[in-house]
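Undergrad: Sharing a structure here in structure tokens format.
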Amino acid sequence: MVTIVAPLGERKPLLSGLWRYSRGAGISALIALLCFLSLYPMIMLLYGSLHSTPPGIPGVFNLDGYLAIATTENLIVLANTVGISLVKTGLALVLAVLLAWIVARTDTPGRGILEVLITLPFFIPPILTATAWAMLGNAQVGTINLAWRWLTGGDGTLVDVYSYGGVIWHMMQYSTPFIFLFVVDAFRAMDPSLEESSRMSGATRWQTFWRITLALMLPVTTSAFLLSFIRGVESFESAVFFGTPVGIEVITTTIYHSITQRAQPDYQSATALSFAALALMFLLVLLQNRLLRGRSFTTVTGKGYSPNITRLGRLRWVTFALCIAFFMVSVALPIGQLLLSSFFKFFGFYQADMLTLDHYRNVWENSGFWRAFRNTLLLGFAGATATMALGGIVAYVTTRTRWRGRRLIDVLAWLPWMMPGMVLGIGFLWGFAILPHAIPIYGTLWALLLAYIALGTPVAVRVTSAAYQQIATDIEECSRVHGAGWWQTLGRILIALAWPAFAVGWVLIFFGIMRELSASILLYAPGTEVLSVVMLKLWVGGKPEEVSVIGLVMLILVLVFRWVQLRFIKKRISTL
Amino acid sequence: MLRRDVLGVLAMAPAIVAPAMAQGDDWAKVVEAGKKEGKLVIYTASIGSVFHKAVIKSFEQKYGITVEMLEARASEVRERVRVEQAAGRFLGDIHHNGSTTTWLMMRDGNFQPHGVVPNVKNIVPPYEADEIRIPCEVISYGLMVNRNLVKPGDEPKSWKDILDPRWTGKILSDDYRALGGGAVFFVVMHNTFGKEFLEKLATQKPVFSRDLQNSERRVARGEYPLYLPFSLQNYNNLKGLPVTPIVPAEGRPYVRFDLTVLKNAPHPNAARLFMNHYLEPDSQLVFANAGYNPVVGGVVEKTIPEIRSLLASKALGTTVPERQDAMLALAKEIFK
């Protein structure tokens, strides 16, 4: 008997009417949900950019906000922002791809541990690494410069973090592991037969890496590049710590100034500037779509494969040294500084009479910390799970179907990523506060949860869609031929095959929630504090050492999560 | 125009404040009603202060009223209050913020008159309460020097000493072009010494940073020898480090913090009780020992010796909300 399977989304026989109806209802529900999560706060912000006063205050519609940003000063700020983000993303991408290839596809020793260690910087609050680097790399008394002077006997300066280089370096600490996390599982999920064919056809190892491996990784690398570039444009901490003191301003510091540094917060200019940045980033997204359109990146097929690794011979010690060097510079130095400081009375003062465990005791006895810890874990688990579920569905619709409305869904899921967090937080505040009082969102954990889902969805979609694009449609068709339904196929084929990517996305979102401050500070209420708010309170209250302790607790969580995750992935891959 | 708005708010006061005034001015009835309300929600721009928590704890113990706090930065507190009130959500009772933000919010009609609070009579000049605002503590600014880098006797003794060429490129400072201590310092120096002083200060090339806590640590570690303006209450967090706070001879710039009752506060009587408790000498002493200037008389004399002389120094001046934007623009012009 021969069964002819219609293309996905174009079923005709028997239940087609019901299927089409339920599919339409599902798409509508998905669009409605995304509209609420991302379009609704954006509309509030658009209103703010076009109105002389924020919502709730009488005013007039005008374009003053947009006219106010059209200045030479802002053009310089824009050029600074784009330039810094471009350089840091480019450098981070090269480094991350290299590290991911080493970890996933070579016989470099200790790859399992290296994989965990390389990703650590991503999970540390930026405020802590900035403090650590301010101590390590300041021109006058930075540890690195003191060591350099001691070694050379001169009085020169080797590094100065208060510079363009410092801003870019600090941003790279986050971008490199972020891109690495994206890329490493794609490398792992790649069928090596394509590379083997290349080698058998006479290509060198380098030609194969360049023409086959990297080319097949185009969806995931461009997605990671875009996400990281956009996040770079929206980055705040690096610029405010290392740029502002020496006159380097970027879009987010300008927005911050217009909201918090004036007698009268200028929301109109801030939101107008954000929308101008959003337009720029939207063009980049279109560019990526154009770049990938009509090309196939399928590397996971129904034929079965066993991921193999490239034998590097003696070169494996060079790659090992490279990973260790990255770990030493980006992890050991700043984290060592944090760990050391947590045992001294003051950050950076390492005298025997200042040794103490008070910071650990204070955090342990801080009831506010434990309440926030519980809230954050709850929001982290619920938020990351819900976001990945939503992201998985959105990615499926946008990458593996031709259903109507899929482009709209893709755009809606992207929107929150393109708006700086501190501005989007205001959009959520305005949006949730004016909801009817009968809808219990404002002032509850729901407000935070919904904001986190909206903020995390773009990452969830990019992670899963990049993984879906690597999976051949014939596996799905095979599932259907054997009688599996849509949900069964989604769960038992697509998610099962893409689940390492799901796991990575879940961890990224979970720790994104743990770190998120911009929306949290505007949406939390007494009783619904989260860790980032507690850390801000401690920081502003002059307790950076206690913030370090919390940062270290978060690091331990990361290590546990990554260990469990990698064990599961290993088990899974070995059974594929 | 602004003054008219403020007067308008005050004129509407009797109607707005009806729930609190219904208790009359009989303080015993206010106490009883406050206890019955049982809860108080404070919106504060004082983030992570252990001293405020100590005073709140003593209030809870004294009256059995549970206090919940929402802490955020000044502009964030203001926006939350504005949005909540515009949406008809009246969740907070007490607002605690710097005098500039409080003035702006008063202009926007975010508060209701507090009614009679007995301890207001203890407030001493130059601080003064009105129907809406009650001064509650004062942040005073001086200088901070690193003792390892500045020999005894070489410290600036007058604000004018920071113009000495030996400090060129060696001053770490809060930014004068943004709201905060730097802007307060700028306004007071402008009022005291004129624009010329600030233009000369610009030639000293001060390095700006808005990360106040970290800036103080940077000076303590020896990255810079001099920091200004130094909030005296931060000295508590730096005890044990090689730094010395100094109030120059002319006196200390300061900025006042105010307590107000938010419009349609759900617990107006508990709010009045709290305001009164905040002005008790014991509460004010907690703040004074922490380095804040108290607003009531007879407290500075009881403070710990190491802080007493700093607090007893002359109040040089403060910022004026009406001129804030003009002064920020001037700061941008001078410190490009």
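Protein chains in written order, with the numbering used here: chain A, 737 to 1312; chain B, 246 to 581. Ideal Cβ placement from N, Cα and C applies to all residues, glycine included. Given the structure is predicted, the values throughout are model-derived calculations rather than measurements.
So what's Lys1265(A) in DSSP terms, helix, strand or just coil?
TA: Residue identity check: residue 1265(A) is Glu in the sequence provided, not Lys. Note: Glu1265(A) maps to coil in three-state DSSP.
Undergrad: Kindly identify the DSSP beta-bridge partner or partners of Pro490(B).
TA: In the DSSP assignment, the residues bridged to Pro490(B) are Met389(B).
Undergrad: Applying a beta-carbon distance threshold of less than 9 Å, which residues of chain A neighbour Ser385(B)?
TA: The contacting residues do not exist; Ser385(B) stays about 17 Å from chain A at best.
Undergrad: Kindly list the residues whose CB is nearer than 7 Å to the CB of Ala267(B), restricted to its own chain and excluding five residues on each side of it in sequence; keep chain order.
TA: With a pLDDT of 43 at Ala267(B), under the threshold of 50, the predicted position of this residue should be treated as unreliable, and no value is reported.
Undergrad: Using Cβ-Cβ distances below 8 Å, what residues of the region 287 to 315 of chain B are close to chain A?
TA: Ile292, Gly293, Ser294, Val295, Glu313, Met314, Leu315
Undergrad: Quick check on DSSP: helix, strand or coil for Val383(B)?
TA: Look at Val383(B) here: in three-state DSSP terms it is strand.
Undergrad: If the cut-off is 8 Å on Cβ atoms, which residues from the region 1075 to 1101 of chain A count as contacting chain B, listed in chain order?
TA: Lys1081, Phe1082, Phe1083, Gly1084, Phe1085, Met1090
Undergrad: Cβ of Asp456(B) less than 8 Å from any chain A Cβ?
TA: Yes, contact with chain A.
Undergrad: Would you identify the three-state DSSP class for Glu1213(A), choosing helix, strand or coil?
TA: helix
Undergrad: Write down every uninterrupted run of the beta strand (DSSP E) in the region 314 to 361 of chain B whose length is 3 residues or greater and which is fully enclosed by it, in chain order.
TA: 339 to 343
Undergrad: Can you tell which of Ala560(B), Gly343(B), Ala374(B) has the C-alpha that lies nearest to the C-alpha of Glu321(B)?
TA: Answer by Cα proximity: Gly343(B).
Undergrad: At least one CB of chain B closer than 8 Å to the CB of Trp1166(A): is that the case?
TA: yes
Undergrad: Take every Cβ of the region 1165 to 1180 of chain A, pair it with every Cβ of the region 794 to 802 of chain A, and state whether three or more of those distances are shorter than 8 Å.
TA: no
Undergrad: Apart from the five residues just before and just after Asp527(B), which ones in its own chain have a Cβ nearer than 8 Å to its Cβ?
TA: Ser303
Undergrad: Can you confirm whether the region 406 to 424 of chain B touches the region 570 to 579 of chain B when touching is taken to mean that 3 or more C-beta pairs between the two stretches lie within less than 8 Å?
TA: yes
Undergrad: Can you tell me which of His993(A), Val1269(A), Gly760(A), Ala1232(A) puts its alpha carbon nearest to the alpha carbon of Ile1249(A)?
TA: Val1269(A)
Undergrad: Going by DSSP in three states, Phe1079(A) sits in which element: helix, strand or coil?
TA: coil
Undergrad: Do Thr825(A) and Phe965(A) have their beta-carbon atoms positioned less than 8 Å apart in this structure?
TA: Yes, Cβ-Cβ distance for Phe965(A) and Thr825(A) is below 8 Å.
Undergrad: Within the region 771 to 835 of chain A, note down every full alpha helix (DSSP H) run reaching 4 residues or more, in order along the chain.
TA: 776 to 786, 800 to 805
Undergrad: When the Cα atoms are used, what is the spatial distance from Gly485(B) to Leu1076(A)?
TA: Gly485(B) and Leu1076(A) have their alpha carbons spaced roughly 18 Å apart.
Undergrad: Since Cys381(B) and Asp271(B) are thought to touch, with beta carbons under 8 Å apart, how far apart are those beta carbons, to the nearest angstrom?
TA: The pair is not a contact, with the Cβ atoms about 24 Å apart (cut-off 8 Å).
Undergrad: Identify the continuous beta strand (DSSP E) that holds Ile416(B) and give its terminal residues.
TA: Note, Ile416(B): beta strand (DSSP E), 416 to 418.
Undergrad: For Ala1190(A) and Leu773(A), which I take to be in contact (beta-carbon distance under 8 Å), what is that distance rounded to the nearest angstrom?
TA: 4 Å
Undergrad: Going along the chain, which residues of its own chain have a beta-carbon closer than 6 Å to the beta-carbon of Ala1239(A), five neighbours each way excluded?
TA: These residues qualify, in order along the chain: Gln1301.
Undergrad: Does the region 859 to 878 of chain A come close enough to the region 459 to 466 of chain B to have 3 or more Cβ pairs within less than 8 Å?
TA: yes
Undergrad: From Ile552(B), Val545(B), Leu524(B), pick the residue whose C-alpha is nearest to that of Glu373(B); which is it?
TA: Leu524(B)
Undergrad: On the CB-based measure, 16 or more other CB atoms within 10 Å of its CB, does Ala516(B) come out buried or exposed?
TA: buried
Undergrad: For a contact defined as C-beta to C-beta under 8 Å, what are the partners of Leu1272(A) on chain B?
TA: Ile292, Gly293
Undergrad: Please list the terminal residues of the continuous beta strand (DSSP E) segment that includes Asp562(B).
TA: Note on residue identity: the sequence assigns Gly, not Asp, to residue 562(B). Element bounds for Gly562(B): 560 to 562.
Undergrad: Whose CA, out of Leu1009(A), Leu1185(A), Ser1201(A), Leu834(A), lies closest to the CA of Leu786(A)?
TA: Leu1009(A) is the residue among Leu1009(A), Leu1185(A), Ser1201(A), Leu834(A) whose C-alpha sits nearest the C-alpha of Leu786(A).
Undergrad: Using a Cβ cut-off of 7 Å, pull out every chain A residue sitting near Leu556(B), in sequence order please.
TA: Under the 7 Å cutoff, chain A gives no residues; its nearest Cβ is about 19 Å from Leu556(B).
Undergrad: Can you tell me whether Pro410(B) is buried or exposed? The criterion is at least 16 other CB atoms within 10 Å of its CB, across all chains shown.
TA: exposed
Undergrad: Please decide whether Gln1000(A) counts as near chain B, where near means a Cβ-Cβ distance under 8 Å.
TA: yes
Undergrad: Please classify Ile310(B): does DSSP put it in a helix, a strand, or coil?
TA: Ile310(B): coil per DSSP, three-state reduction.
Undergrad: In the DSSP assignment, what are the bridge partners of Thr1046(A)?
TA: Bridge partners of Thr1046(A): Thr842(A).
Undergrad: When you compare each of Ile1292(A), Gly1287(A), Trp1150(A), Phe1297(A) to Pro861(A) by their alpha carbons, which one comes out closest?
TA: Gly1287(A)
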